[in-house]
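Under this note's numbering, the first residue of the sequence shown carries the number 258, and numbering increases by one thereafter.
Take a look at the structure set out below.
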Amino acid sequence: MTEKFPEILVTGGAGYIGSHTCVALIQAGFMPVIVDNLSNSHPLAISRIEAITGTRPAFYKCDIADDAGLRTVLECHPCVATIHFAGLKAVGRSVSEPLETYRDNVCGSLSLLQTLRSRGINRLIFSSSATVYGGAEHMPIPETASIQPTNPYGHSKAMIEQILQDLVTAAPDMAIGVLRYFNPVGAHISGEIGEDPQGIPDNLFPYVSQVAVGRREKLLVFGDDYDTKDGTGVRDYIHVMDLADGHVAALQRCLDTDGLFAVNLGTGQGSSVLEIIQAFETVSGKPVAYEVVGRRPGDVATSFADPSKASDMLNFKAQRDLTQMCRDAWNWQQRNPTGYANR
Ligand code: NAD
Ligand code: UDP
């Protein structure tokens with residue numbers, strides 16, 4: 258008789274963080290059931306999860322707002338919990354097309370929650386973001402800092418957090434973990450899965466690795482006149498596999514304890530843009546050309562987590578350092594110079 262592992266519905270599981278979390282889930286003895294509309298991901302990610310783990314997760318191309326489709330999936334797969342990654346994450350696009358972001362993130366989450374409630378699935382992990390803190394004044398940022406997003410994407414995350422809080426108040430049998438990610442970077446050590454942004458990357462790390470691999474000419478550094486160690490922006494970069502491990506720890510807590518908790522997932526360390534360039538050059542042996550330009554509207558000088566609550570509550574601490582983040586991002590980039598589409 259084959260052993261039956263607890264099934265976990267993973268929305269957005271073909272995406273960047275979702276695919277890495279599926280690997281961690283399988284390795285921790287869970288069986289992911291992926292639902293993704295592939296609006297920002299490639300189905301090859303599923304085969305790569307299989308290549309790494311030896312297990313092929315069930316995959317359904319389905320929108321989280323498709324109640325009938327999700328019900329069919331859940332009839333075949335009696336999931337004990339959900340990890341909800343699906344959503345739109347591009348900040349700039351959320352400013353130019355706010356309704357699109359609110360519909361996918363807020364309406365999509367509402368619809369998903371109703372489907373899950375109707376199926377009696379009451380354990381949930383939600384992907385939130387440090388962006389809900391907006392321009393926090395004090396560093397490091399604890400979970401008690403005020404929620405003051407500065408763009409529609411951040412507002413959509415804060416709205417969903419509020420909906421989840423109200424839901425737990427109304428249904429105390431639920432268990433919900435809200436995870437506020439800082440800056441997830443890097444890739445699985447195998448180089449099989451990684452970040453595959455469509456078009457010009459918005460974020461620093463994929464941009465730097467595309468310059469190093471020769472796909473882009475130079476990085477534009479958005480401002481060197483901030484009040485930071487070298488004038489460039491400082492962020493808390495966390496290896497995506499550490500983030501994935503954080504989800505497994507949060508899931509385990511949700512399976513044991515009712516109520517809602519919100520925790521930061523970060524390292525507590527801040528690195529500047531110039532430090533990232535330097536670290537990437539060292540690891541890759543390639544020069545990363547850059548030009549300093551003006552500040553990007555909406556950027557804050559510094560953002561890094563107080564990671565102590567995740568440590569106390571989940572026994573979670575990020576293990577991988579900046580060198581490993583760069584090494585794994587570079588390995589993925591070299592093996593997949595144009596992302597999943599090149600094989
Ligand atoms: P991603 O775009 O790679 O993954 C999201 C996945 O969700 C994609 O595969 C996409 O196809 C899917 N999706 C989007 N809308 C959907 C819908 N309506 N129905 C079904 N599938 C849908 O992004 P990611 O970086 O893996 O981020 C995952 C989650 O973490 C997102 O909610 C994002 O807002 C949040 N987050 C990401 C970061 C980051 O820097 N990457 C930081 C903080 C929070
Ligand atoms: N950044 C940059 N050039 C880029 C992209 C980002 O100089 O092409 C800077 C940005 O101003 C910030 C840091 O890199 O200081 C991290 O930016 P990212 O968009 O990756 O994360 P976020 O700002 O959302 O935390």
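For glycine and all other residues, C-beta sits at the position ideal for the given N, C-alpha and C.
Computed from a predicted model, the values in this text were never measured in an experiment.
Following a CB-centred definition, is residue i positioned closer than 7 Å to any heavy atom of the ligand NAD?
i      : result
Val292 : yes
Ile420 : no
Phe479 : no
Pro458 : no
Gly269 : yes
Leu295 : yes
Pro463 : no
Pro399 : no
Asp320 : yes
Phe342 : yes
Roughly how many angstroms separate the alpha carbons of residue i and residue j, rounded to a whole number?
i      : j      : result
Asp453 : Asp361 : 20 Å
Gln419 : Thr539 : 43 Å
Lys566 : Asn521 : 7 Å
Val280 : Gly272 : 12 Å
Ile283 : Tyr317 : 17 Å
Met582 : Val442 : 6 Å
Val497 : Thr278 : 8 Å
Gln591 : Ser276 : 19 Å
Ala325 : Pro314 : 21 Å
Ala302 : Asp569 : 33 Å
Under three-state DSSP, which class holds residue i?
i      : result
Met258 : The predicted position of Met258 is uncertain, since its pLDDT is 49 and thus under 50; no value can be drawn from it.
Arg577 : coil
Arg600 : Confidence is the limiting factor: at Arg600 the pLDDT is only 44, short of 50, which leaves the residue's position unreliable, though a coordinate-based value still follows. If DSSP states are grouped into helix, strand and coil, Arg600 belongs with coil.
Pro441 : strand
Pro289 : strand
Gln318 : In the sequence as presented, Gln is not what sits at residue 318; that position holds Lys. In the structure shown, Lys318 sits in a strand (DSSP, three-state: E or B).
If distances are taken between C-alpha atoms only, which option among the options comes closest to residue i?
i      : options                           : result
Ala562 : Gly527, Gln591, Ser403 and Gly270 : Gly527
Leu373 : Pro335, Val530, Asn460 and Val470 : Pro335
Arg328 : Val465, Gly377, Pro544 and Val478 : Gly377
Asn408 : Gly555, Lys543, Ala444 and Val468 : Gly555
Val337 : Val290, Ser276 and Gly411         : Val290
Leu500 : Gln591, Gly523 and Gln509         : Gly523
Val550 : Phe342, Pro314, Phe479 and Leu424 : Phe479
Gly451 : His299, Ser304, Ala586 and Gly391 : Ala586
Asp484 : Ser560, Ala444, Asp578 and Ser296 : Ser560
Val389 : Val292, Val435 and Pro300         : Val435
Glu400 : Ala387, Leu381, Tyr410 and Tyr494 : Ala387
Ile534 : Leu571, Val363, Ser466 and Val505 : Ser466
Asn297 : Thr312, Leu345, Thr268 and Val267 : Leu345
Val557 : Gly471, Met396 and Asp502         : Met396
At a cut-off of 7 Å, is residue i close to the ligand UDP when judged by its beta-carbon and the heavy atoms of the ligand?
i      : result
Arg553 : yes
Leu476 : yes
Asp556 : yes
Arg350 : no
Arg584 : no
Asn440 : yes
Rounded to the nearest angstrom, how far is the Cβ of residue i from that of residue j, given a contact under 8 Å?
i      : j      : result
Val545 : Thr489 : The pair is not a contact, with the Cβ atoms about 13 Å apart (cut-off 8 Å).
Lys414 : Ser385 : 5 Å
Ile433 : Gly365 : Actually they are not in contact, since the Cβ atoms of Ile433 and Gly365 sit about 17 Å apart, beyond 8 Å.
Val468 : Leu476 : 5 Å
Ile340 : Ile382 : 4 Å
Should residue i be listed as close to the ligand PLP, given that the test is whether its C-beta is under 7 Å from any heavy atom?
i      : result
Arg380 : Among the ligands in the structure shown, the ligand PLP does not appear; only the ligand NAD and the ligand UDP can be found there.
Under 8 Å, Cβ to Cβ, is there at least one residue of chain D near residue i?
i      : result
Leu356 : This model lacks chain D altogether; it includes just one protein chain.
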